[in-house]
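Reading through the structure tokens given below for one structure.
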Amino acid sequence: MISITISAIMPQLRPPPCPTQQNCVEASHLQLWVLYVCLLLTSIGAGGLRPCVVTFAADQFDLKKSKHDQSQSWNFYNWYYFCMGVATLAALTIVVYIQDNVSWGLGLGLPTIAMALSIVSFVVGSSLYRKVKPGGSPLIRLAQVIVASVKKRNVVVTDPALLYQNREVDAIILSDGRLLHTNQFR
């Protein structure tokens with residue numbers, strides 16, 4: 262966010278304005294590279310943040326022990342998705358209006374300031390969060406499932422008790438002590 266805001270503010274990192282839309286100066290190779298690197302950094306940041314927010318929030322609720330936490334988790338997710346919708350609406354209306362009618366620097370600077378404030382609030386409140394350590398690599402688990410499903414694609418299961426169970430490996434992802442089996446995806 263900082264890099265793309267700086268590229269919008271500094272005149273040497275962007276092509277000059279072209280009010281007549283005729284005989285405009287194209288962006289130089291350096292300006293294009295700066296733009297592409299800024300967009301890459303922004304997409305990596307967003308891609309690294311968005312999937313983690315929901316799972317981190319889920320770690321804050323102890324759903325196995327508390328019915329109160331179950332209702333609070335639904336309340337949290339309702340507010341989370343409502344706020345994401347409002348933020349998207351604001352980004353597509355207010356921020357775009359500021360970019361078109363005031364300046365790109367201010368239009369990109371406001372979300373950058375909001376992101377900086379959110380990082381500060383996250384760091385200040387980090388002592389209050391429940392931190393759950395991850396249990397193993399999800400990529401290894403995914404690879405195990407893919408290999409097992411390919412190897413056993415023609416096997417007919419008559420007794421669900423014969424399905425794979427490993428209490429030690431699955432202890433972290435079990436709900437109520439046992440993985441539930443379903444015929445939903447057959």
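All letters in the sequence shown, in the order written, are residues 262 to 447 by the numbering used here.
Glycine included, every Cβ here is placed at the ideal spot set by N, Cα and C.
Buried versus exposed call for residue i [16 or more other C-beta atoms within 10 Å across all chains shown]
{"i": "V466", "result": "Past the edges of the chain, shown from 262 to 447, lies residue 466, and the structure says nothing about it."}
{"i": "F322", "result": "buried"}
{"i": "C299", "result": "buried"}
Pair within 9 Å by beta-carbon distance, residue i and residue j
{"i": "A318", "j": "Y342", "result": "no"}
{"i": "R402", "j": "D320", "result": "no"}
{"i": "T449", "j": "S364", "result": "Missing from the structure shown is residue 449; the chain here goes from 262 to 447 and no further."}
{"i": "L288", "j": "P276", "result": "The residue you asked about is not Leu; residue 288 is Ala in the sequence shown. In this structure, P276 lies closer than 9 Å to A288 by Cβ."}
{"i": "M376", "j": "M262", "result": "yes"}
{"i": "Y338", "j": "V315", "result": "yes"}
Pick from the options that is closest to residue i, judged by C-alpha positions
{"i": "Q273", "options": "Q282, V406 and L291", "result": "L291"}
{"i": "I380", "options": "C285, V416 and L310", "result": "L310"}
{"i": "V357", "options": "G346, P372 and F383", "result": "P372"}
{"i": "P280", "options": "A348, D361 and S387", "result": "D361"}
Proximity test, residue i beta-carbon vs the ligand FMN heavy atom, cut-off 8 Å
{"i": "V314", "result": "What this structure holds is no ligand at all, so the ligand FMN is not there to describe."}
Contact the region 266-283 vs the region 364-384: 3+ CB pairs below 8 Å = A contact exists between the region 266-283 and the region 364-384.
### Query
Of all the alpha helix (DSSP H) runs that stay within the bounds of the region 295-368, which reach a length of 4 or more residues?
Segments of the alpha helix (DSSP H) lying fully in the region 295-368: 328-351 and 357-362.
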